[in-house]
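Student: Residue numbers (full-length UniProt numbering): 1 to 101. First the structure, then my questions, so here it is.
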């Protein structure tokens, strides 16, 4: 076996440049704190969070509309109090009907 082939100083400059380039690519693609892989994952998370944010904003608008309806419509407030909380006026009798499956 020839010892000169094992000495990195005797290798061709193009081969050394290729090894150095490969190491730099692997470093920036996978190992570095701000690697390409990390950036791809962060972009994916950002897209998910944006869609979640939009969904929550739509739900917030719907809830705000319901609050305004409850503030402005006393019959709606009374209906909800009767149906969901079982409230009744004085002298009324409430009959609960269970649906048979």
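C-beta: ideal position from N, C-alpha, C; glycine also. Being a predicted model, the structure only gives us computed values, none of them experimental.
Is the CB-CB distance between residue 70 and residue 77 below 7 Å?
Tutor: Here residue 70 is taken as the residue at index 70 of the chain shown, counted from 1. Here residue 77 is taken as the residue at index 77 of the chain shown, counted from 1. Contact: yes.
Student: Mind pulling the alpha helix (DSSP H) runs of 4 or more residues that sit fully within the region 33-79?
Tutor: 36-72
Student: For residue 37 versus residue 28, is the C-beta distance shorter than 7 Å?
Tutor: Here residue 37 refers to the residue found at position 37 of the chain shown. Here residue 28 refers to the residue found at position 28 of the chain shown. Not closer than 7 Å, so no.
Student: Look up residue 82 in the DSSP assignment and say whether it is helix, strand or coil.
Tutor: Residue 82 sits at position 82 when you count from the first residue of the chain shown. Residue 82 falls in the helix class under three-state DSSP.
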